[in-house]
Amino acid sequence: KQEVTQIPAALSVPEGENLVLNCSFTDSAIYNLQWFRQDPGKGLTSLLLIQSSQREQTSGRLNASLDKSSGRSTLYIAASQPGDSATYLCAGSGANNLFFGTGTRLTVIP
Amino acid sequence: DTAVSQTPKYLVTQMGNDKSIKCEQNLGHDTMYWYKQDSKKFLKIMFSYNNKELIINETVPNRFSPKSPDKAHLNLHINSLELGDSAVYFCASSQDWQRSSYEQYFGPGTRLTVT
Numbered sequence: 565k566q567e568v569t570q571i572p573a574a575l576s577v578p579e580g581e582n583l584v585l586n587c588s589f590t591d592s593a594i595y596n597l598q599w600f601r602q603d604p605g606k607g608l609t610s611l612l613l614i615q616s617s618q619r620e621q622t623s624g625r626l627n628a629s630l631d632k633s634s635g636r637s638t639l640y641i642a643a644s645q646p647g648d649s650a651t652y653l654c655a656g657s658g659a660n661n662l663f664f665g666t667g668t669r670l671t672v673i674p
Numbered sequence: 254d255t256a257v258s259q260t261p262k263y264l265v266t267q268m269g270n271d272k273s274i275k276c277e278q279n280l281g282h283d284t285m286y287w288y289k290q291d292s293k294k295f296l297k298i299m300f301s302y303n304n305k306e307l308i309i310n311e312t313v314p315n316r317f318s319p320k321s322p323d324k325a326h327l328n329l330h331i332n333s334l335e336l337g338d339s340a341v342y343f344c345a346s347s348q349d350w351q352r353s354s355y356e357q358y359f360g361p362g363t364r365l366t367v368t
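Residue numbers (this note's numbering), protein chains in the order written: chain A, 565 to 674; chain B, 254 to 368.
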């Protein structure tokens with residue numbers, strides 16, 4: 565069964581700093597890896613989806629990478645802003661399911 | 254336009270009651286899901302429906318019964334509510350359940366509190 569871990573559980577950075585969020589998974593036979601953002605009391609917003617055949621995806625200041633062989637994915641956020649403060653979740657897909665990590669709570673300090 | 258919507262947003266009820274949560278998506282997706290997010294913020298899938306047919310049913314008590322009247326709706330009915338059912342329930346949808354097109358879109362969640 566797929567297990568997804570995210571480290572660190574919480575992260576605080578000053579505004580403008582670049583940062584990396586980490587996600588690791590136990591079963592390299594994932595079909596894709598999805599990164600979400602969750603604001604307090606809100607639902608999940610899909611940020612990036614990386615297919616198993618891809619190594620990275622970019623959207624604006626966000627860049628996500630996928631290394632299936634090592635069971636890792638990273639989410640790189642450039643020039644962080646206070647509006648980036650949220651919980652970031654990664655999820656690996658099995659045959660027809662998503663396995664979520666426990667998230668990294670990011671705080672960007674103005 | 255809201256892509257995936259859920260009602261109600263908040264639900265407070267007593268133990269033993271029966272309640273329903275409704276979900277609708279206007280994305281034209283074939284597959285819909287119910288997830289439970291516990292007090293530790295861990296998200297876990299409960300059910301998945303593709304074109305009104307059940308394709309995933311994780312180890313969820315029989316008190317939980319999903320119903321899909323059409324592929325745009327997936328409702329969750331809960332019988333004999335227990336304290337441990339308190340959580341945030343998220344509905345989601347995706348284009349289909351095939352692996353290659355698996356991006357999921359989530360609703361805003363329903364916070365259920367059982368007293």
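Cβ atoms here follow ideal geometry from the backbone N, Cα and C, with glycine treated the same way.
Just so it is clear, the structure is predicted and the values come from calculations on it, not from any experiment.
Nearest-angstrom Cβ-Cβ length linking Ser637(A) and Ser629(A), presumed shorter than 8 Å = Looking up residue 637(A) in the first sequence gives position 73. Looking up residue 629(A) in the first sequence gives position 65. Yes, they are in contact, since the Cβ atoms of Ser637(A) and Ser629(A) sit about 6 Å apart, within 8 Å.
Straight-line Cα distance separating Asn586(A) from Ser347(B) = Within the second sequence, the letter at position 94 stands for residue 347(B). Within the first sequence, the letter at position 22 stands for residue 586(A). Going from the Cα of Ser347(B) to the Cα of Asn586(A) covers about 25 Å.
CB contact below 7 Å: Asn661(A) versus chain B = As a first step, residue 661(A) is located in the first sequence; it is residue number 97 there, counting from the start. With 7 Å as the cut-off, Asn661(A) counts as an interface residue toward chain B.
query = Name the DSSP bridge partner or partners of Leu675(A)?
reply = In the structure as shown, chain A begins at 565 and stops at 674. Residue 675(A) is therefore absent and cannot be evaluated.
request  = Mind listing the chain B neighbours of Lys606(A)? Cutoff is C-beta to C-beta under 9 Å, in chain order.
outcome  = Counted from its first residue, the first sequence places residue 606(A) at position 42. Under the 9 Å cutoff, chain B gives Pro361, Gly362.
message = Using a 10 Å radius around the Cβ and a threshold of 16 neighbouring Cβ atoms, would you call Val257(B) buried or exposed?
response = In the second sequence, the residue the question calls residue 257(B) occupies position 4. Classification of Val257(B): buried, given that the 10 Å Cβ count is 16 or more.
inquiry  = Following a CB-centred definition, is Ala593(A) positioned closer than 6 Å to any heavy atom of the ligand FAD?
reply    = As far as ligands go, the structure on display features none, and thus does not contain the ligand FAD.
ask   = Near Lys297(B), what residues of its chain come up, given a Cβ to Cβ distance below 6 Å and the 5 sequence neighbours on each side ignored?
value = Start at 1 with the first residue of the second sequence, and residue 297(B) comes out as number 44. These residues qualify, in order along the chain: Lys289.
query = What does a CB cutoff of less than 7 Å around Asn596(A) pick up in its chain, not counting 5 residues either side in sequence?
reply = To locate residue 596(A), count along the first sequence from 1; it is residue 32. Same-chain partners within the cutoff: Leu613, Ile614, Gln615, Ser616, Ser657.
key: Short CB-CB distance (under 7 Å) between Gly635(A) and chain B   = For this step, residue 635(A) is matched to residue 71 along the first sequence. No, because no Cβ of chain B sits closer than 7 Å to the Cβ of Gly635(A).
request  = Using beta-carbon positions only, say whether Thr666(A) and Gln570(A) come within less than 7 Å of one another.
outcome  = On the first sequence, residue 666(A) is found 102 positions in, with the first residue counted as 1. On the first sequence, residue 570(A) is found 6 positions in, with the first residue counted as 1. Yes, the Cβ-Cβ distance between Thr666(A) and Gln570(A) is below 7 Å.
message = Quick check on this structure: which residue in Gly360(B), Asn332(B), Glu356(B) has the alpha carbon closest to the alpha carbon of Cys344(B)?
response = Within the second sequence, numbered from 1, the residue matching residue 344(B) stands at position 91. Among Gly360(B), Asn332(B), Glu356(B), the Cα nearest to that of Cys344(B) is on Gly360(B).
task = Using a Cβ-Cβ cut-off of less than 9 Å, give me the residues of the region 295 to 307 of chain B that come near chain A, in sequence order.
result = Phe295, Leu296, Lys297, Ile298, Ser301, Asn303
Ordered list of beta strand (DSSP E) runs contained in the region 602 to 641 of chain A, each at least 3 residues = 608 to 615, 620 to 623, 626 to 631, 636 to 641
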